[in-house]
Every structure is written in structure tokens, then in C-alpha cells.
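Colleague: Residue 58 in this note's numbering sits at position 66 of the sequence shown, and the numbers go up by one each step.
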Amino acid sequence: LCSDSGDMSISWVKLELGHRAQVRKKPTVEGFTHDWMVFVRGPEHSNIQHFVEKVVFHLHESFPKPKRGTECVWLVSGSWSSGAVVCFSRLHLALTCGRGKTPPVSR
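#1: Considering Cα atoms alone, identify which of H26, W4, K6 is closest to R12.
#2: Tell me, to the nearest whole angstrom, how far the beta carbon of L9 is from that of V44; I am working on the premise that it is less than 8 Å.
#3: Just the Cα atoms here: how many angstroms apart are S38 and S54?
#4: Would K46 and G61 be called neighbours here (beta carbons separated by less than 8 Å)?
Here it is as C-alpha cells:
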């Protein structure tokens, strides 16, 4: 949804931020007991690439490469040991909504 208010355009974009984790049937060679995934997506898996240019996930410092950037598919996944914290933050958004133009998403 876009609306013009003077010189300023306002865009509302719905995003889903989430995670999934499950216990592995058997630990990895490294001793990891859980598989995990964190993601950013549109509601009902709608396309958000018109708005989201890049997502940077900041994981716990105990993870290899704790700062992970991703483009096009906005998720990261891996394995960890019980008790580790998986957290993420910071979205880099490229929003498009010009005067007299319709937004690049369906309403």
C-alpha cells in the first residue's frame, strides 16, 4: 500500500520473521544436536524481492561466520548444540513506491 503525503511516500510492507528448530535423530560428527533455520519472507510466501534487497543475520558469536548476509533467498540454516542461542537482526530494505505509480505488490 502506498500513499502520497506532500513530498513523502509511505509504504507498508508485511514481512514474516521466523525460525524453525528440531532435534537431530543423531548428533553430527561435531556434536551438534539440533538443526535450525531463520528466515524473512512475505506473508503466505508472497514475493518480497521488490522490497528486500539483502538480509543480514547476526547469529550467536559461537557460530562459524556469525554475521551472514544473503540475497534472493532470505534464510540461513545450520546445526548447533543444545543451549546455543540463534538470533538475527537487521534488514536492508529497498522500497519502491514513486508518485503516481502503483506499488509492486498486489493489495
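Beta carbons are placed, not taken as given, at the ideal position from N, Cα and C, and that holds for glycine.
Modeller: Checking against the coordinates, here is how it stands:
#1: H26
#2: That pair is no contact at about 11 Å.
#3: 33 Å
#4: yes
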